[in-house]
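Counting from 1 along the sequence shown, just add 1004 to a position and that's the residue number in this note's numbering. Glycine included, C-beta positions come from ideal geometry on N, C-alpha and C. Written out below as structure tokens is the structure these notes cover.
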Amino acid sequence: MSIHPPFDPELSAVLAAMPAAMQRPLRIEDIPAWREQLAQLLPVSDQALRLGGAVELEERQIPGPAGAPDLSVLILRPARGQGRAAVPGVYHTHGGGMVMGTRRNADEVARWVGEVGVVAVSVEYRLAPEHPHPAPVEDCYAGLAWTAAHCDELGIDPSRLVIAGASAGGGLAAGTALIARDRGGPALSHQILMCPMLDDRCLTPSSRELDGEGVWDRSSNLAGWTALLGDARGGPGVSPYAAPARAEDLSGLPAAFIDVGSAETFRDEAIDYAARLSRAGVPVEFHMWPGGFHGFDAVAPQTALAQASRAARLGYVRRALAR
């Protein structure tokens, strides 16, 4: 057992009560079972996303990347109506280690819709290992391009278009922002990267601290990256669009909010990415949540640390998108 920062006491109790199946390291052959377990652990119904009638939902099919299948997106709008004025937009890329999750894993984004009044678009990208890189990030970019092209129809102010994602979705959000910059694509005002999965090399101290402990330990992380990249994982030829920590130039990217738990695999790569963005002249707000394991705010939203982290992100959305 490696040395790592202690888990928050409330979160330790959550870990102790968590089903054993959810604490086993991920193996590629177990991905189908993990997908079923995630759906049971974090079910997201229409009722939950509507927040008691504050949010309206619309499912739509949109074009995927050239030569690829169409994409499903979930559009979330304030139920009170937007009036004539365009509102900020949030383009959401869900989490799930590159191998699981759906567009409906968007309960926190639904809260931003209901409380701040943004319009959100959550994309269903193809998953590894069935669809390795570049399929997931190219799907995410295609969905972003569609969202930007349909701002008028969606009632989104194109000058306040944000990309947001957690875990793998945070890595995909960062990779999509890099593609948008490099291809002269949609202009993003902000990127919100929650406990982002950024570095396939798995060489940082925090990527080695958790082995059989917490959520998404070293073995799971290696499996997720291998599902996405195959034998290329950790080698010299990996694209920064797959692993944004590989990007040499971080200038010209949108303002960033990045947060991470102190007791999770992604801690050090998140710290490093925030620091490098800042050194490149990008405005950055960074939070490290003491004792937080990976995804603690989704697994244990009732805990004080989870509520503090969600409040910080909600506050950032309010301030960043105020007009």
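Annotation for arginine 1271: the continuous alpha helix (DSSP H) segment containing it runs 1271–1283.
Fewer than three beta-carbon pairs drawn from the stretch 1167–1176 and the stretch 1236–1244 are found closer than 8 Å, and the two stretches are therefore not classed as touching. Contact between leucine 1078 and arginine 1115 is ruled out by a C-beta separation of about 15 Å, above the 8 Å threshold. Every alpha helix (DSSP H) stretch that sits fully inside the stretch 1174–1213 and reaches 4 residues is listed by chain position as 1210–1213. Within a 10 Å sphere around the beta-carbon of glutamate 1112 sit 16 or more other beta-carbons, which makes this residue buried.
Bridge partners of phenylalanine 1290 according to DSSP: Ile1262. At least 8 Å separates the beta-carbon of alanine 1246 from that of aspartate 1276. Assignment of beta-bridge partners to leucine 1061 by DSSP yields Leu1080. Ranked by how close their Cα comes to the Cα of tryptophan 1038, the residues Arg1271, Val1219 and Ala1304 have Val1219 in first place. Straight through space, the alpha carbons of alanine 1184 and proline 1073 are spaced by roughly 21 Å.
By the Cβ test, the stretch 1151–1170 is not in contact with the stretch 1217–1232, since fewer than three Cβ pairs between them sit closer than 8 Å. The alpha carbon of alanine 1146 has as its nearest neighbour, out of Arg1280, Ile1160 and Arg1130, the alpha carbon of Arg1130. Burial is judged here by how many other beta carbons sit within 10 angstroms of a residue's own beta carbon; glycine 1093 has at least 16 and is buried.
At a cut-off of 4 residues, the continuous stretches assigned as alpha helix (DSSP H) that sit fully inside the stretch 1009–1070 are 1013–1021, 1024–1027, 1035–1045 and 1050–1054.
Between the stretch 1009–1019 and the stretch 1291–1306 there are three or more C-beta pairs closer than 8 Å, enough to call the two in contact. Straight-line measurement puts the Cα of serine 1255 at about 19 Å from the Cα of arginine 1164. When DSSP assignments are scanned along the stretch 1146–1176, the uninterrupted stretches of beta strand (DSSP E) that are 3 or more residues long and fall wholly within it turn out to be 1160–1170. For methionine 1201, the closest of Leu1019, Ala1274, Ser1193 and Pro1258 by C-alpha to C-alpha distance is Ala1274. Serine 1006 sits in coil when the DSSP states are folded into three classes, being neither helix nor strand.
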